[in-house]
Amino acid sequence: MIGRIAGILIEKQPPELMVDVNGVGYEITAPMTTFYRLPVVNENVALYTHLTIRDDAHLLYGFHDKTERALFRALIKVNGVGPKMALAILSGIESDEFVRCVESNDIATLVRVPGVGKKTAERLIIEMRDKLKQLAIEPALASFQGGDSEGVSESGHVNERNVRADAESALMALGYKPAEASKAINAFDIAGLSSEQVIRMALKGMVKSK
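For the sequence shown, the working numbering begins at 47 and goes up steadily by one.
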């Protein structure tokens, strides 16, 4: 089992990233809550990881801390919740907000995550309630501090077309339909924002507006 990766961040295109460890590039899939905390490309990074072995692939998932990884591992044990849905949940709802949803039986918020229907939301609440008591959930990230240079041209200006394309691609990878992704991004002014900032705002808007 690969439990931790430390090296140089050489690529990041949500929800995928690559870390170079002594010349070997590890492809890792991560929730957006982890992407918000990543350094810029070519800087050192360390992630806690979870390895899933399938007949056709070995898939590595990365997380900024052990608590988020533990929450991911608890989610994929819920009947009907696979890694993709778990990533969508962690990306669309901050960990402490997810805890609130479970404790308050907030099905309405959970079903706004792509792929989560009413029955799945009900199972999440029932099966996660006891598991969450064993996890020490950290406070949500209060604000995303930039430092991300994705989509910035050599002149220092943000390339809005690239930012929009990257954000739409990330949202669709998380399970949102193309029309939903486009509508969510069009709901606000993306001028001067990085792709990760746009994704964060779009996810918040979709969870609150449906």
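Glycine included, each C-beta is placed from N, C-alpha and C at the ideal position.
The Cβ atoms of Gly108 and Leu97 lie no closer than 8 Å to each other. Residue range His104 to Phe109 is occupied by the beta strand (DSSP E) that includes Phe109, with no alpha helix (DSSP H) assigned at that position. Look at the beta carbons and you see the stretch 114 to 121 not touching the stretch 151 to 164: under three pairs across the two are nearer than 8 Å.
When Met174, Gly126 and Glu168 are compared, the shortest CA-CA separation from Val145 is found for Met174. The straight-line gap separating the alpha-carbon atoms of Ile56 and Glu206 is approximately 22 Å.
The stretch 210 to 223 and the stretch 237 to 252 touch, with no fewer than 3 CB-CB distances between them shorter than 8 Å.
Asn232 sits in a helix when the DSSP states are folded into three classes. Within the same chain, and ignoring the five residues on either side of Leu220 in sequence, the residues whose Cβ sits closer than 7 Å to its Cβ are Pro61, Leu133, Ala134, Ser137 and Pro160. For Arg115, the enclosing alpha helix (DSSP H) covers residues Lys112 to Leu121.
Scanning Pro129, Glu168, Val127 and Thr113 for the CA closest to the CA of Asp142 turns up Thr113. In the three-state scheme derived from DSSP, where H, G and I count as helix and E and B as strand, Ala132 is classed as helix. Here the C-alpha atom of Ala103 lies approximately 13 Å from the C-alpha atom of Pro129. Beta-bridge analysis with DSSP links Tyr72 to Val65.
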